[in-house]
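Numbers given in the working numbering equal positions in the sequence shown, counted from 1, plus 500. Before any comments, here is the structure.
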Amino acid sequence: MDQEFWHSRWAENRIGFHLSDTNPLLIKYWPVLEPKRDDAVFVPMCGKTEDLTWLASKHNEVVGVELSEIAVRAFFAEHFYTPTVTSISPTMKLYQFDEIALYSGDYFTAPLATYPLIYDRAALIAMPESMRVQYTERLLSLLQTGGKILLVTLDYPQAQMDGPPFAVTAEEVKTLFAGCTITHLNRDDQCDRPPKGKEATYFSEEVWLIEKP
501 MDQEFWHSRW
511 AENRIGFHLS
521 DTNPLLIKYW
531 PVLEPKRDDA
541 VFVPMCGKTE
551 DLTWLASKHN
561 EVVGVELSEI
571 AVRAFFAEHF
581 YTPTVTSISP
591 TMKLYQFDEI
601 ALYSGDYFTA
611 PLATYPLIYD
621 RAALIAMPES
631 MRVQYTERLL
641 SLLQTGGKIL
651 LVTLDYPQAQ
661 MDGPPFAVTA
671 EEVKTLFAGC
681 TITHLNRDDQ
691 CDRPPKGKEA
701 TYFSEEVWLI
711 EKP
(Lines of atoms letter the chains of each structure in order from A and count residues from 1; the text may use other names and numbers.)
(Lines give C-alpha, C1' and ligand atoms only; values in the text may rest on other atoms or scores of the structure.)
Protein backbone atom coordinates (compact mmCIF):
# COMPACT_ATOMS: atom_id res chain seq x y z
CA MET A 1 0.00 0.00 0.00
CA ASP A 2 1.42 3.34 -1.06
CA GLN A 3 0.98 5.58 1.97
CA GLU A 4 1.81 8.73 0.00
CA PHE A 5 -1.01 7.88 -2.42
CA TRP A 6 -3.56 7.92 0.40
CA HIS A 7 -2.09 11.01 2.03
CA SER A 8 -2.37 12.88 -1.27
CA ARG A 9 -5.93 11.65 -1.88
CA TRP A 10 -7.05 13.14 1.43
CA ALA A 11 -4.94 16.30 1.05
CA GLU A 12 -6.51 16.93 -2.37
CA ASN A 13 -9.99 15.87 -1.18
CA ARG A 14 -10.13 13.16 -3.86
CA ILE A 15 -12.28 10.87 -1.75
CA GLY A 16 -14.86 9.42 -4.10
CA PHE A 17 -14.81 6.29 -1.94
CA HIS A 18 -16.28 8.24 1.00
CA LEU A 19 -20.01 7.81 1.64
CA SER A 20 -21.85 10.84 2.99
CA ASP A 21 -24.36 8.67 4.85
CA THR A 22 -24.22 5.49 6.90
CA ASN A 23 -23.66 2.49 4.66
CA PRO A 24 -27.06 0.78 4.22
CA LEU A 25 -25.29 -2.59 4.15
CA LEU A 26 -24.01 -1.96 7.67
CA ILE A 27 -27.50 -1.13 8.92
CA LYS A 28 -29.02 -4.17 7.22
CA TYR A 29 -26.44 -6.82 8.07
CA TRP A 30 -24.89 -5.74 11.38
CA PRO A 31 -27.64 -7.54 13.36
CA VAL A 32 -26.46 -10.82 11.79
CA LEU A 33 -23.39 -10.58 14.07
CA GLU A 34 -25.71 -10.63 17.12
CA PRO A 35 -23.86 -7.65 18.60
CA LYS A 36 -24.11 -6.58 22.22
CA ARG A 37 -23.69 -3.00 23.41
CA ASP A 38 -20.62 -3.85 25.46
CA ASP A 39 -18.92 -5.55 22.47
CA ALA A 40 -16.07 -3.31 21.31
CA VAL A 41 -15.91 -2.77 17.55
CA PHE A 42 -12.79 -2.26 15.44
CA VAL A 43 -12.94 -0.44 12.09
CA PRO A 44 -9.72 -0.61 10.04
CA MET A 45 -8.84 2.22 7.67
CA CYS A 46 -11.96 4.05 8.70
CA GLY A 47 -11.45 7.42 6.98
CA LYS A 48 -14.11 9.82 8.26
CA THR A 49 -16.98 7.41 7.67
CA GLU A 50 -20.43 8.08 9.09
CA ASP A 51 -20.47 4.39 9.99
CA LEU A 52 -18.41 5.27 13.08
CA THR A 53 -21.20 7.38 14.59
CA TRP A 54 -23.80 4.74 13.75
CA LEU A 55 -21.73 2.05 15.46
CA ALA A 56 -21.13 4.36 18.44
CA SER A 57 -24.90 4.63 18.86
CA LYS A 58 -25.01 0.84 19.27
CA HIS A 59 -21.77 0.15 21.17
CA ASN A 60 -19.88 1.57 24.12
CA GLU A 61 -16.50 1.39 22.36
CA VAL A 62 -15.65 1.91 18.69
CA VAL A 63 -11.98 1.91 17.71
CA GLY A 64 -10.70 2.92 14.28
CA VAL A 65 -7.37 3.27 12.53
CA GLU A 66 -6.82 5.74 9.71
CA LEU A 67 -3.54 6.60 8.01
CA SER A 68 -4.55 10.17 7.18
CA GLU A 69 -4.67 12.61 10.08
CA ILE A 70 -6.61 14.94 7.79
CA ALA A 71 -9.43 12.38 7.72
CA VAL A 72 -9.37 11.86 11.48
CA ARG A 73 -9.48 15.58 12.20
CA ALA A 74 -12.26 16.04 9.64
CA PHE A 75 -14.37 13.34 11.27
CA PHE A 76 -14.35 15.05 14.65
CA ALA A 77 -14.71 18.56 13.20
CA GLU A 78 -17.70 17.61 11.05
CA HIS A 79 -19.49 16.19 14.08
CA PHE A 80 -18.54 19.12 16.31
CA TYR A 81 -16.65 16.80 18.65
CA THR A 82 -13.64 18.06 20.58
CA PRO A 83 -11.44 15.00 21.07
CA THR A 84 -8.65 14.38 23.52
CA VAL A 85 -5.45 13.93 21.52
CA THR A 86 -2.60 11.76 22.79
CA SER A 87 0.72 11.57 20.97
CA ILE A 88 1.90 7.96 21.01
CA SER A 89 4.89 8.32 18.69
CA PRO A 90 6.11 10.77 16.03
CA THR A 91 3.84 8.99 13.52
CA MET A 92 0.93 7.89 15.72
CA LYS A 93 -1.74 9.85 17.62
CA LEU A 94 -4.89 8.75 19.42
CA TYR A 95 -8.04 10.88 19.15
CA GLN A 96 -10.78 10.10 21.69
CA PHE A 97 -14.30 11.40 22.26
CA ASP A 98 -16.93 9.47 24.21
CA GLU A 99 -17.35 6.03 22.61
CA ILE A 100 -15.04 6.70 19.67
CA ALA A 101 -11.25 6.30 19.63
CA LEU A 102 -9.35 6.79 16.37
CA TYR A 103 -5.67 6.08 15.84
CA SER A 104 -4.05 8.34 13.27
CA GLY A 105 -1.26 6.23 11.82
CA ASP A 106 -0.30 2.94 10.21
CA TYR A 107 -2.72 0.03 10.61
CA PHE A 108 0.16 -2.42 10.78
CA THR A 109 1.85 -0.74 13.75
CA ALA A 110 -1.05 0.78 15.72
CA PRO A 111 -1.05 -0.38 19.39
CA LEU A 112 -4.41 -2.14 19.19
CA ALA A 113 -6.10 -4.60 21.54
CA THR A 114 -8.26 -7.52 20.40
CA TYR A 115 -11.93 -7.11 19.60
CA PRO A 116 -15.04 -9.31 19.45
CA LEU A 117 -16.40 -7.47 16.40
CA ILE A 118 -14.77 -5.97 13.30
CA TYR A 119 -16.32 -4.01 10.45
CA ASP A 120 -14.37 -3.80 7.19
CA ARG A 121 -16.02 -1.91 4.35
CA ALA A 122 -13.04 -0.17 2.76
CA ALA A 123 -9.84 -1.72 4.08
CA LEU A 124 -9.34 -5.08 2.37
CA ILE A 125 -10.40 -3.66 -0.99
CA ALA A 126 -7.88 -0.83 -0.55
CA MET A 127 -5.05 -3.37 -0.38
CA PRO A 128 -3.12 -4.38 -3.49
CA GLU A 129 -3.02 -8.12 -4.00
CA SER A 130 0.55 -8.33 -2.70
CA MET A 131 -0.48 -7.04 0.74
CA ARG A 132 -3.78 -8.83 1.32
CA VAL A 133 -2.32 -11.83 3.15
CA GLN A 134 -0.36 -9.56 5.50
CA TYR A 135 -3.44 -7.39 6.03
CA THR A 136 -5.69 -10.36 6.78
CA GLU A 137 -3.21 -12.00 9.15
CA ARG A 138 -3.06 -8.78 11.17
CA LEU A 139 -6.85 -8.44 11.10
CA LEU A 140 -7.40 -11.97 12.40
CA SER A 141 -4.80 -11.40 15.13
CA LEU A 142 -6.95 -8.48 16.32
CA LEU A 143 -10.13 -10.59 16.35
CA GLN A 144 -10.91 -12.46 19.55
CA THR A 145 -11.61 -16.19 19.52
CA GLY A 146 -15.26 -16.56 18.59
CA GLY A 147 -15.23 -13.05 17.16
CA LYS A 148 -17.00 -11.93 13.98
CA ILE A 149 -16.20 -9.72 11.01
CA LEU A 150 -18.71 -8.00 8.74
CA LEU A 151 -16.75 -7.71 5.49
CA VAL A 152 -17.76 -5.81 2.35
CA THR A 153 -15.89 -6.53 -0.89
CA LEU A 154 -16.12 -5.60 -4.54
CA ASP A 155 -16.03 -7.87 -7.57
CA TYR A 156 -15.33 -6.55 -11.05
CA PRO A 157 -12.94 -7.38 -13.93
CA GLN A 158 -9.68 -6.05 -12.47
CA ALA A 159 -8.10 -5.80 -15.93
CA GLN A 160 -10.78 -3.31 -16.98
CA MET A 161 -10.27 -0.84 -14.15
CA ASP A 162 -7.45 0.35 -11.94
CA GLY A 163 -7.82 0.13 -8.18
CA PRO A 164 -8.18 1.12 -5.49
CA PRO A 165 -10.76 -0.01 -4.68
CA PHE A 166 -9.56 -3.38 -5.89
CA ALA A 167 -11.60 -6.42 -6.83
CA VAL A 168 -11.49 -9.26 -4.29
CA THR A 169 -13.18 -12.39 -5.58
CA ALA A 170 -15.16 -14.91 -3.56
CA GLU A 171 -12.39 -17.43 -4.06
CA GLU A 172 -9.83 -15.03 -2.63
CA VAL A 173 -12.02 -14.26 0.40
CA LYS A 174 -12.24 -17.99 1.11
CA THR A 175 -8.47 -18.36 0.77
CA LEU A 176 -7.61 -15.34 2.91
CA PHE A 177 -9.95 -16.39 5.71
CA ALA A 178 -9.31 -20.13 5.50
CA GLY A 179 -9.92 -21.74 8.87
CA CYS A 180 -12.78 -19.38 9.65
CA THR A 181 -16.48 -19.97 9.09
CA ILE A 182 -17.41 -17.89 6.04
CA THR A 183 -21.01 -17.01 5.21
CA HIS A 184 -21.90 -15.16 2.01
CA LEU A 185 -24.68 -12.75 2.98
CA ASN A 186 -25.35 -10.77 -0.18
CA ARG A 187 -24.24 -9.92 -3.70
CA ASP A 188 -25.53 -6.77 -5.35
CA ASP A 189 -24.95 -6.93 -9.10
CA GLN A 190 -26.70 -3.58 -9.52
CA CYS A 191 -24.24 -1.71 -7.34
CA ASP A 192 -24.49 1.96 -8.24
CA ARG A 193 -21.27 3.18 -6.68
CA PRO A 194 -18.32 2.42 -8.97
CA PRO A 195 -15.61 5.09 -8.70
CA LYS A 196 -16.30 8.18 -10.75
CA GLY A 197 -14.79 8.12 -14.19
CA LYS A 198 -14.24 4.36 -14.13
CA GLU A 199 -16.17 1.72 -16.01
CA ALA A 200 -16.30 -2.07 -16.02
CA THR A 201 -18.62 -4.61 -17.61
CA TYR A 202 -19.91 -5.40 -14.12
CA PHE A 203 -19.34 -3.95 -10.67
CA SER A 204 -20.75 -5.97 -7.77
CA GLU A 205 -20.70 -5.45 -4.03
CA GLU A 206 -20.61 -8.47 -1.72
CA VAL A 207 -21.17 -8.89 2.00
CA TRP A 208 -19.59 -11.60 4.16
CA LEU A 209 -19.79 -12.83 7.72
CA ILE A 210 -16.44 -14.17 8.94
CA GLU A 211 -16.38 -16.09 12.24
CA LYS A 212 -13.12 -16.99 13.98
CA PRO A 213 -13.17 -20.40 15.71
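All residues carry an ideal CB built from backbone N, CA and C; glycine is no exception.
Taking a C-beta distance under 9 Å as the contact criterion, Leu533 and Lys648 qualify as a contact pair. Sixteen is the threshold: when 16 or more other Cβ atoms of the shown chains lie within 10 Å of the Cβ of Thr636, as they do, the residue is buried. One alpha carbon belongs to Gln596, the other to Cys680, and they sit about 32 Å apart. The residue among Tyr529, Asp551, Leu624, Glu705 with its C-alpha nearest the C-alpha of Tyr656 is Glu705. Counting the other Cβ atoms within 10 Å of the Cβ of Val633 gives fewer than 16, which makes it exposed.
For the set Thr683, Asp688, Glu599, the Cα lying nearest the Cα of Thr582 is the one of Glu599.
In this structure, the beta-carbon distance from Lys712 to Gln660 does not fall below 9 Å.
Residue pairing of Arg687 in beta bridges, as defined by DSSP: Glu706. C-alpha of Glu699 to C-alpha of Thr584: approximately 42 Å in a straight line.
Remark: C-beta atoms of Leu676 and Val707 do not approach each other more closely than 9 Å. For Ala613, no beta strand (DSSP E) segment is defined, and its DSSP state is neither H nor E. By DSSP's assignment, Asp620 forms a beta bridge with Leu651. Boundaries of the beta strand (DSSP E) harbouring Glu566: 562-566, taken from the DSSP string.
When the five nearest sequence neighbours on each side are left out, the beta carbons in the same chain lying within less than 8 Å of the beta carbon of Ala601 are those of Glu561, Val562, Val563, Gly564, Leu594, Tyr595, in order along the chain.
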